[in-house]
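Shown next, in structure tokens, is the structure this report addresses.
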Amino acid sequence: MVRAPCCAREGLNRGQWMPEEDKILVDHIEKYGHGNWRALPKQAGLLRCGKSCRLRWVNYLRPDIKRGNFTKEEEDTIIQLHQSLGNRWSVIAAKLPGRTDNEIKNVWNTYLKKQIGPFNTPQRESKKNKKNKSAASHMVSDMPVPTATEQQQQSQTSDRSSADIIEESLSSKIVDENFWLEAFIVSSSASSLSSSSMDLTEAEIINPSIGQQCFDLFSSYGTDDDDMEFLVNFSTGLVDLEELSSL
DNA sequence: AAAGGTTTCAACCGCAATGGC
DNA sequence: AGCCATTGCGGTTGAAACCTT
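Structure (structure tokens):
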């Protein structure tokens, strides 16, 4: 038998908190603390479940919460931490005093994610997402087509990053299908501009079918150290598409 | 001005971790 | 060791605000 959700009890309020409810909760916590969240609403006289009270306090009513927009420094910190930690919002929030995990998660999902583009670190995957995961080719076809200038700019930064990103990913053992696809895209765009041995046109670089093809090849090729070396060579233009296709 | 579309963010849900018995 | 209650976390939802046509 599955336990019913705590808020399923009849007669409990849900949704937006009223100012009176906030006041009751704050007054109670200031007086008695929040030793037991489950018992708290009853003790305080609130028609809410303990979970809802905890969330309201942690994300909104706590006195040390910082209000207002995130500063550039905070945004940079989030981006950096997300690169190394992934979606571990509570850990990221611990590094940003006054900011909540929920707030950081929202900021990330609303605009920081879009700011940094598609080469963010792979995220921990929920069971639900695994079920709904779309084909890798969608990622390629959804990619915006870079202009020549954008590519130039990208290559200037990704000359550094193509091999670096690959090696960073390898050293941290983050090797999943997103990694391979991203590695391909990064290495393709970098090498097409930096190496003549890579005979890829701009159209081919962003062509979804080639992306999918290479992804499939990489996937079947495996993920051991030799493969890493191969991919690094690929990224630096030492292996070309024909060789890749003949594997 | 109004309808429809998009974005934001507070709140909820379900699951995993933890701790007490 | 195993069960159960509680807490904490991350993903998701939906109402409200905002924007566009």
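In terms of the numbering used here, the first sequence is numbered consecutively and its last residue is 233.
For every residue, glycine included, the Cβ atom is placed at its ideal position computed from N, Cα and C.
Residue from the options with nearest C-alpha to residue i
i, options, result
"F56", "W94, Q2, G(-3) and I15", "W94"
"K239", "I64, Q2, H14 and P83", "The question about residue 239 has no answer here: the residues shown for the chain are numbered -13 through 233."
"W23", "H14, C39 and G(-3)", "C39"
"L(-2)", "G31, D13 and L71", "G31"
"T63", "P27, K17, M4 and L98", "L98"
"I65", "Q101, N45 and E16", "Q101"
"R0", "H20, K17 and G36", "G36"
Spatial neighbours of residue i in its chain, beta-carbon cut-off 8 Å, leaving aside the 5 residues before and after
i, result
"K91", "N73 and W75"
"L67", "V77, I78 and K81"
"L71", "V77 and I78"
Burial state of residue i, where buried means 16 or more other Cβ atoms lie within 10 Å
i, result
"E89", "buried"
"T86", "buried"
"C200", "With a pLDDT of only 43 at C200, under 50, the local geometry of the prediction cannot be trusted, and no value is derived from it."
"A319", "Because residue 319 is not part of the residues shown, which for the chain are -13 to 233, the question remains open."
"A25", "exposed"
"K34", "In the sequence under discussion, the amino acid at residue 34 is Arg, which differs from the Lys named in the question. By the 10 Å Cβ count, R34 comes out buried."
"E7", "buried"
"P49", "exposed"
"P5", "exposed"
Opening and closing residue of the alpha helix (DSSP H) in which residue i lies
i, result
"Q2", "No alpha helix (DSSP H) holds Q2; DSSP gives it neither H nor E."
"V93", "D87 to V93"
"T63", "K58 to L71"
"V44", "Segment: none, V44 is in no alpha helix (DSSP H) and carries neither H nor E."
"W75", "W75 to A80"
"L26", "L26 to A30"
Beta-carbon contacts of residue i that lie in its chain and below 6 Å, excluding the five residues immediately before and after
i, result
"W43", "none"
"H14", "A30"
"E188", "Note on E188: pLDDT 29, under 50, position unreliable in the model; no value is reported."
Inter-residue CB distance, residue i and residue j (contact presumed, cutoff 8 Å)
i, j, result
"L41", "L11", "The pair is not a contact, with the Cβ atoms about 11 Å apart (cut-off 8 Å)."
Close-in-space but distant-in-sequence residues of the same chain around residue i (CB under 7 Å, 5 per side omitted)
i, result
"H20", "L26 and W43"
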